[in-house]
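Chemist:
Residue numbers (this note's numbering), protein chains in the order written: chain A, 23 to 334; chain B, 17 to 319.
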């Protein structure tokens, strides 16, 4: 069917579309607008677009990494900049590692027949449903008490110097501790999505490469990986989204220096006097990376979402 | 010989990193939790110092009215949310399954709500529900109506509305994909036989979409039990226990009441619930596959 061949619809249909778009984007737009308003304007209710936009809320939020002093603020209480950097480090590293580990496992599950394959595939499917809240208790206990390296040993000191964290070098309180649980949490999902993409790679291509003398690893990295790029993009966005947005486990595992953005927002919300402008600005900063990804790669996201469910 | 060994080891080499991470950070913690749920455990102790109490935590929870309330809130939340989302999502998909300009833009805008952080969704809605400065009450008052006590008396409903806003697009997108992959021949045949649009929807489209819809519904149901941040930010479980879903209660039991053993037992209850749902989904896809295989062989025998 030619691209220009669109069906003509009745005007009521377009009205419905407009309402739907307003409903889904409206709250986000509202937050965006409010983040540029002073608290006075938000509370007094000078509604609509009649206000003087200001970036003061963003300045307050990012006061700890701004190169210049702020006039309206004598003390920088909200260490948002640092949290933003923590979030970036944790989300990016865990996404990359999850993808690498996950696509190798997905490839093995699709292409090889080996002992324990069914068990591995069933386990992956089953642990997909484990909610973060269920992991809270064991992760809290293990990361604080068991996954520790003694302070005196060489490795412990090295890890503490490299990754930071507390004196007794447990995983809790370090970036790597949070990254580890995010990788584990996202792996089943990534494996599940990538499997459906790897199945579609024609086996003859791999065979041809093997006949030409490529090792299994070369086949995987040079033949299979380039062909499943859309799947990788989808998986990357979903993993990043979870690692970037997650609150509960991060709040249990982080210490003063490794707080992520969601923790900061929740902490500020529960205080008695909510500064709406600043909160909206922090919320907006947290929402911007996923929004950008969505606008850039919505096709991949939708393919990824439908890959599992529609094909069964 | 060496080459053969190498080839035999390949799948294990590919699986190893994932297996190691999942065993250390997922399976071991789950076993640790099961172990911990039989113990009287507070956060200051390591698990070795705790006392074994058998099924005490489970029994206490079973008779605990707060836990029962929380369980019932969770079930109500999940069932209502998924039910309403299925109806709206599938309805919209049937309505918007047309060849129109800008469909991809539309889909992009629709998936925005579920891509942004639950924490942010919570704060957006908390602002809109605010009794005095919030958007809804301001609107109601501007047209001369009484403001509604959104996060007070109607907290559960408000939380449900926020979740419906965020997740209906998920169902919509999956249902739309299912619709567009339906065999054209069946629809064509129905149209030629003179089926009305309603008949097409009820007798052709819905039954053909059923397998996808059921999987979607179960996926969404599993996710509905994971919701935590949105509610935490909006109401913190209150007022009273009216919106304290299980995930929130687990986190409060662990951090506020400092009873890790009880929290672990509660996690186990939640896990069992989800396990049943997952098993259902798994069994359903297996049955579906078996049925399709049978139909295929039957069709081949006919030839």
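Backbone N, C-alpha and C define an ideal beta-carbon position, used for all residues, glycine too.
Taking the DSSP output, what are the residues bridged to residue 140 of chain A?
Modeler: For this step, residue 140 of chain A is matched to residue 118 along the first chain. Paired residues: none, contrary to the question.
Chemist: Should residue 318 of chain B be labelled buried (16 or more other beta-carbon atoms within 10 Å of its own) or exposed?
Modeler: Locating residue 318 of chain B in the second chain gives position 302, counting from the first residue. Residue 318 of chain B should be labelled exposed.
Chemist: In the DSSP assignment, what are the bridge partners of residue 56 of chain B?
Modeler: To locate residue 56 of chain B, count along the second chain from 1; it is residue 40. Answer by DSSP bridge pairing, in chain order: B:67.
Chemist: Can you list the alpha helix (DSSP H) stretches of 4 or more residues lying completely in the region 193-239 of chain A, in chain order?
Modeler: Unbroken alpha helix (DSSP H) runs of no fewer than 4 residues, entirely contained in the region 193-239 of chain A, are found at 197-220 and 225-233, following chain order.
Chemist: Beta-carbon of residue 288 of chain B versus every beta-carbon of chain A: anything under 8 Å?
Modeler: Along the second chain, read from residue 1 onward, the residue named residue 288 of chain B stands at position 272. Chain A has no Cβ within less than 8 Å of the Cβ of residue 288 of chain B.
Chemist: Is it the case that the Cβ atoms of residue 126 of chain B and residue 185 of chain B are separated by a distance below 8 Å?
Modeler: For the purposes of this step, residue 126 of chain B is taken as the residue at position 110 of the second chain. For the purposes of this step, residue 185 of chain B is taken as the residue at position 169 of the second chain. Yes, Cβ-Cβ distance for residue 126 of chain B and residue 185 of chain B is below 8 Å.
Chemist: Using DSSP with H/G/I as helix, E/B as strand and the rest coil, what is residue 380 of chain A?
Modeler: Residue 380 of chain A lies beyond the stretch modelled for chain A, which goes from 23 to 334, so this question has no answer here.
Chemist: Looking only at its own chain, which residues have a Cβ that is under 6 Å from the Cβ of residue 200 of chain A, when we skip the five neighbours before and after it?
Modeler: Here the question's residue 200 of chain A lines up with position 178 in the first chain. Within the same chain, residue 200 of chain A has close Cβ partners 112, 272 and 275.
Chemist: What is the rounded straight-line gap between the Cα of residue 120 of chain A and the Cα of residue 157 of chain B?
Modeler: Taking the first chain and counting its residues from 1, the one referred to as residue 120 of chain A is at position 98. Taking the second chain and counting its residues from 1, the one referred to as residue 157 of chain B is at position 141. Approximately 50 Å between the Cα atoms of the pair.
Chemist: Measuring only between beta-carbons, confirm whether residue 142 of chain A sits less than 8 Å from chain B.
Modeler: Here residue 142 of chain A refers to the residue found at position 120 when the first chain is read from its first residue. With 8 Å as the cut-off, residue 142 of chain A counts as an interface residue toward chain B.
Chemist: Cα separation between residue 294 of chain B and residue 87 of chain A?
Modeler: As a working mapping, residue 294 of chain B is identified with position 278 in the second chain. As a working mapping, residue 87 of chain A is identified with position 65 in the first chain. In a straight line, the C-alpha of residue 294 of chain B is about 45 Å away from that of residue 87 of chain A.
Chemist: Please report the residue range of the alpha helix (DSSP H) in which residue 182 of chain B lies.
Modeler: Working through the second chain from its first residue, we reach residue 182 of chain B at position 166. Unbroken alpha helix (DSSP H) run through residue 182 of chain B: 171-196.
Chemist: Excluding the 5 residues preceding and the 5 following residue 142 of chain A in the sequence, name in chain order all residues of the same chain whose CB lies nearer than 7 Å to its CB.
Modeler: Along the first chain, read from residue 1 onward, the residue named residue 142 of chain A stands at position 120. The beta carbon of residue 142 of chain A is closer than 7 Å to those of 131 in its chain, skipping five residues each way along the sequence.
Chemist: Measuring only between beta-carbons, confirm whether residue 90 of chain B sits less than 8 Å from chain A.
Modeler: Taking the first residue of the second chain as position 1, residue 90 of chain B is located at position 74. Taking Cβ atoms only, chain A never reaches closer than 8 Å to residue 90 of chain B, which makes this a no.
Chemist: Please say whether residue 64 of chain A and residue 56 of chain A have beta carbons closer to each other than 8 Å?
Modeler: Numbered from its first residue, the first chain carries residue 56 of chain A at position 34. Numbered from its first residue, the first chain carries residue 64 of chain A at position 42. Yes, these two residues count as a Cβ contact at 8 Å.
Chemist: Could you give the distance in angstroms between the alpha-carbon of residue 53 of chain B and the alpha-carbon of residue 274 of chain B?
Modeler: Walking along the second chain from the start, residue 53 of chain B turns up at place 37. Walking along the second chain from the start, residue 274 of chain B turns up at place 258. If you take the alpha carbons of residue 53 of chain B and residue 274 of chain B, they lie about 13 Å apart.
Chemist: Would you say residue 125 of chain B faces chain A, with C-beta separation under 8 Å as the test?
Modeler: Reading the second chain from its first residue, position 109 is the one you call residue 125 of chain B. At least one chain A Cβ lies under 8 Å of residue 125 of chain B.
Chemist: Sorry if obvious, but does the Cβ on residue 51 of chain B come closer than 7 Å to a heavy atom of the ligand PLP?
Modeler: Summarising the ligand content, the structure contains no ligands, and the ligand PLP is consequently not present.
Chemist: For residue 165 of chain A, which of A:147, A:144, A:128 and A:203 has the nearest alpha-carbon?
Modeler: Here residue 165 of chain A corresponds to residue number 143 of the first chain, with the count starting at 1. Here the closest residue by C-alpha is A:203.
Chemist: For the putative contact between residue 196 of chain A and residue 280 of chain A, defined by C-beta atoms under 8 Å, what is the C-beta separation to the nearest angstrom?
Modeler: In the first chain, the residue the question calls residue 196 of chain A occupies position 174. In the first chain, the residue the question calls residue 280 of chain A occupies position 258. Going by Cβ atoms, the distance from residue 196 of chain A to residue 280 of chain A rounds to 7 Å, so yes, they are a contact pair.
Chemist: Go to residue 88 of chain A, then tell me how far its alpha helix (DSSP H) extends in each direction, as first and last residue.
Modeler: One-based indexing of the first chain puts residue 88 of chain A at position 66. That residue, residue 88 of chain A, is in no alpha helix (DSSP H); it is neither H nor E in DSSP.
Chemist: Which of the three DSSP states, helix, strand or coil, is assigned to residue 255 of chain B?
Modeler: For the purposes of this step, residue 255 of chain B is taken as residue 239 along the second chain, with counting starting at 1. Coil at residue 255 of chain B, not helix or strand.
Chemist: Short of 7 Å in beta carbon distance, which residues of its chain neighbour residue 190 of chain B, apart from the five on each side in sequence? Order them along the chain.
Modeler: Locating residue 190 of chain B in the second chain gives position 174, where the first residue counts as 1. So the qualifying residues of the chain are 228 and 232.
Chemist: What's the gap between the Cα of residue 153 of chain A and the Cα of residue 31 of chain B?
Modeler: Numbered from its first residue, the first chain carries residue 153 of chain A at position 131. Numbered from its first residue, the second chain carries residue 31 of chain B at position 15. Their backbone Cα atoms lie some 24 Å apart in a straight line.
Chemist: For residue 46 of chain A, report the span of its alpha helix (DSSP H) as first-last.
Modeler: Residue numbering aside, residue 46 of chain A sits at position 24 when the first chain is read from its first letter. Note, residue 46 of chain A: alpha helix (DSSP H), 33-56.
Chemist: Determine the chain B residues that contact residue 163 of chain A at a beta-carbon separation under 7 Å, and present them in chain order.
Modeler: Here residue 163 of chain A corresponds to residue number 141 of the first chain, with the count starting at 1. By Cβ distance, chain B contributes 48, 52, 63 and 276.
Chemist: Does chain B have any CB closer than 8 Å to the CB of residue 40 of chain A?
Modeler: Locating residue 40 of chain A in the first chain gives position 18, counting from the first residue. No - not a single Cβ of chain B is within 8 Å of the one on residue 40 of chain A.
Chemist: Apply the 10 Å Cβ neighbour rule to residue 205 of chain A and answer buried if 16 or more other Cβ atoms are within range, or exposed otherwise.
Modeler: As a working mapping, residue 205 of chain A is identified with position 183 in the first chain. It counts as buried.
Chemist: Which residues in the same chain as residue 127 of chain A place their Cβ atom closer than 7 Å to its Cβ, once the five residues preceding and following it in sequence are excluded?
Modeler: Counted from its first residue, the first chain places residue 127 of chain A at position 105. The answer, listed in chain order, is 213.
Chemist: Examine chain B for any beta-carbon lying closer than 8 Å to the beta-carbon of residue 289 of chain A, and answer yes or no.
Modeler: As a first step, residue 289 of chain A is located in the first chain; it is residue number 267 there, counting from the start. No, residue 289 of chain A lies away from the interface with chain B (no Cβ there is under 8 Å from its Cβ).
Chemist: Quick one: grab the DSSP three-state call for residue 101 of chain A.
Modeler: For the purposes of this step, residue 101 of chain A is taken as the residue at position 79 of the first chain. Looking at residue 101 of chain A - three-state DSSP - the assignment turns out to be coil, as it is neither helix nor strand.
Chemist: Using the Cβ count rule (16 or more neighbours within 10 Å means buried), how would you classify residue 225 of chain A?
Modeler: Your numbering for residue 225 of chain A matches position 203 in the first chain. By the neighbour-count criterion, in which 16 or more other beta carbons inside 10 Å mark a residue as buried, residue 225 of chain A falls on the exposed side.
Chemist: Using the Cα positions of residue 124 of chain A and residue 254 of chain A, report the straight-line distance between them to the nearest angstrom.
Modeler: By 1-based counting over the first chain, the position of residue 124 of chain A is 102. By 1-based counting over the first chain, the position of residue 254 of chain A is 232. Rounded to whole angstroms, residue 124 of chain A to residue 254 of chain A spans 10 Å at the Cα level.
Chemist: Just by C-beta distance, which residues in the region 71-90 of chain B are closer than 8 Å to chain A?
Modeler: Those residues of the region 71-90 of chain B that come within reach of chain A (Cβ to Cβ, closer than 8 Å) do not exist; the list is empty.
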